[in-house]
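Heads up: the structure comes next, in structure tokens.
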Amino acid sequence: YHGVSSEQSLDALKALFKYTADPAIIAAIIIEPVQGEGGFYIAPFDFLRALRALCDEHGILLVADEIQTGFARTGKMFALEHAGIKADVVTMAKGLAGGFPLAAITGRADVMDAANPGGLGGTYAGNPVACAAAHAVLDAIEEEKLCDRANAIGKIILDRCNQIKSRSNLNCVGDVRGLGAMCAIELVKDAASAEPAPQLTQALMKVANENGLILLSCGTYGNVIRFLVPLTASDALVRDGLDIFETSLTEAVNRVA
Numbered sequence: 288y289h290g291v292s293s294e295q296s297l298d299a300l301k302a303l304f305k306y307t308a309d310p311a312i313i314a315a316i317i318i319e320p321v322q323g324e325g326g327f328y329i330a331p332f333d334f335l336r337a338l339r340a341l342c343d344e345h346g347i348l349l350v351a352d353e354i355q356t357g358f359a360r361t362g363k364m365f366a367l368e369h370a371g372i373k374a375d376v377v378t379m380a381k382g383l384a385g386g387f388p389l390a391a392i393t394g395r396a397d398v399m400d401a402a403n404p405g406g407l408g409g410t411y412a413g414n415p416v417a418c419a420a421a422h423a424v425l426d427a428i429e430e431e432k433l434c435d436r437a438n439a440i441g442k443i444i445l446d447r448c449n450q451i452k453s454r455s456n457l458n459c460v461g462d463v464r465g466l467g468a469m470c471a472i473e474l475v476k477d478a479a480s481a482e483p484a485p486q487l488t489q490a491l492m493k494v495a496n497e498n499g500l501i502l503l504s505c506g507t508y509g510n511v512i513r514f515l516v517p518l519t520a521s522d523a524l525v526r527d528g529l530d531i532f533e534t535s536l537t538e539a540v541n542r543v544a
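Read in order, the letters of the sequence shown correspond to residues 288 to 544 in this note's numbering.
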């Protein structure tokens with residue numbers, strides 16, 4: 288949507304290696320398979336596969352930040368699975384324990400075992416209650432087929448947002464994107480220029496809150512509304528929220544006009 292291809296991104300990275308940073312001294316490349324605060328941009332799967340190959344070529348660790356994308360959110364247990372690759376190290380939290388305070392890091396055995404005994408740890412690491420909650424979450428993901436549920440929720444959201452985008456009286460939706468139940472709609476001043484519309488986004492969040500719906504923005508310019516619906520939400524509840532969203536967007540457009 289913003290005109291940067293996988294090939295251009297890889298060329299930029301290779302130029303960085305050639306002119307700015309010697310790849311021989313780079314320990315790791317860290318990437319979010321789907322950007323969170325950055326605007327819910329989905330890393331193209333061909334780019335991720337090429338990045339994996341580039342890291343292998345130079346002996347660089349590939350670290351995947353799956354804190355927002357992990358645990359069924361994107362329709363797979365972890366988002367990198369969509370690209371058919373594995374990271375050397377994966378960070379995870381949020382959905383891991385269903386609201387309990389827990390984060391984890393895992394990876395290849397030779398990487399995880401590289402630290403000296405006692406070299407990794409924390410005062411409250413391995414809290415048994417949080418770990419028990421994580422076990423329950425993993426059971427629920429499997430038993431309730433939440434990967435499939437994420438895809439179903441995502442389809443409802445994306446279908447509705449694309450319908451909103453196609454409305455002739457609304458010219459403020461620049462892009463609709465998502466992977467599983469990690470979706471976003473990007474608001475612009477007009478579709479032709481694609482100029483970010485942070486003022487409209489702020490107005491939308493205010494109106495939606497007045498109408499009983501909490502929205503959260505993200506992106507460089509604060510003009511992206513994210514949809515992170517609980518995977519346990521019913522279809523009816525998701526559609527109710529989207530009804531409020533559409534009504535609120537129309538009202539917000541009129542307010543800032």
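Positions of the beta carbon are idealized from the N, C-alpha and C atoms, including for glycine. Small disclaimer: the values here were computed from a predicted structure and weren't measured.
Margin query: So the candidates are T488, V424, F365 and L503; which of them puts its Cα closest to the Cα of V540?
Written below: By one-based count along the sequence shown, residue 540 stands at place 253. Nearest option by C-alpha distance: T488.
Next item on the list: Determine the closest residue to A370 out of P331, A390, T356 and G394, with distance taken between C-alpha atoms.
Entry: Along the sequence shown, one-based indexing puts residue 370 at 83. The option with the nearest alpha carbon to A370 is P331.
Next item on the list: Closer than 6 Å by C-beta to L433: which residues in its own chain qualify, once you throw out the five before and the five after it? Chain order, please.
Entry: In the sequence shown, counting from the first residue as 1, residue 433 sits at position 146. So the qualifying residues of the chain are A359 and L518.
Next item on the list: Tell me whether R526 is buried or exposed, calling it buried when 16 or more other Cβ atoms sit within 10 Å of its Cβ.
Entry: In the sequence shown, residue 526 corresponds to position 239, counting from 1. It counts as exposed.
Next item on the list: Tell me where the beta strand (DSSP E) around D462 begins and ends.
Entry: One-based indexing of the sequence shown puts residue 462 at position 175. From DSSP, the beta strand (DSSP E) with D462 extends over V460 to L466.
Notebook entry, point to check: Does DSSP put E294 in a helix, in a strand, or in coil?
Noted result: Locating residue 294 in the sequence shown gives position 7, where the first residue counts as 1. E294 falls in the helix class under three-state DSSP.
Next item on the list: Apply the 10 Å Cβ neighbour rule to R339 and answer buried if 16 or more other Cβ atoms are within range, or exposed otherwise.
Entry: Counting from one through the sequence shown, the residue named residue 339 turns up at place 52. Burial call: buried.
Next item on the list: Label M469 either buried or exposed according to how many other C-beta atoms from any shown protein chain fall within 10 Å of its C-beta, with 16 as the threshold for buried.
Entry: As a position in the sequence shown, residue 469 is number 182, starting the count at 1. When all chains shown are included, M469 counts as buried.
Next item on the list: Quick one: grab the DSSP three-state call for L543.
Entry: As a first step, residue 543 is located in the sequence shown; it is residue number 256 there, counting from the start. The residue asked about is misnamed: residue 543 is Val in this sequence, not Leu. Looking at V543 - three-state DSSP - the assignment turns out to be helix.
Next item on the list: With A337 as the anchor, note down where its alpha helix (DSSP H) starts and where it stops.
Entry: Along the sequence shown, read from residue 1 onward, the residue named residue 337 stands at position 50. Note, A337: alpha helix (DSSP H), F332 to H345.
Item checked: Beta-bridge partners of D530, as assigned by DSSP -> Taking the sequence shown and counting its residues from 1, the one referred to as residue 530 is at position 243. Its beta-bridge partners do not exist; DSSP assigns none.
Margin query: With H, G and I counted as helix, E and B as strand and the rest as coil, what does DSSP make of T393?
Written below: Within the sequence shown, the letter at position 106 stands for residue 393. In this structure, T393 counts as strand in the three-state DSSP scheme.
Checklist line | Cβ-Cβ distance between L383 and G413 below 8 Å | finding: If you number the sequence shown from 1, residue 383 lands on position 96. If you number the sequence shown from 1, residue 413 lands on position 126. No, Cβ-Cβ distance for L383 and G413 is not below 8 Å.
Next item on the list: For D527, decide whether its Cβ has a neighbour in chain D, counting only Cβ atoms nearer than 8 Å.
Entry: The structure shown contains no chain D, having only a single protein chain.
Checklist line | Presumed contact (8 Å Cβ cut-off) between M379 and A390, rounded CB distance | finding: Here residue 379 refers to the residue found at position 92 of the sequence shown. Here residue 390 refers to the residue found at position 103 of the sequence shown. Correct: roughly 7 Å between the Cβ atoms.
Check: In whole angstroms, what is the alpha-carbon distance linking A401 and V350?
Finding: Position 114 of the sequence shown, counting from 1, holds the residue named residue 401. Position 63 of the sequence shown, counting from 1, holds the residue named residue 350. So the alpha carbons of these two residues sit roughly 16 Å apart.
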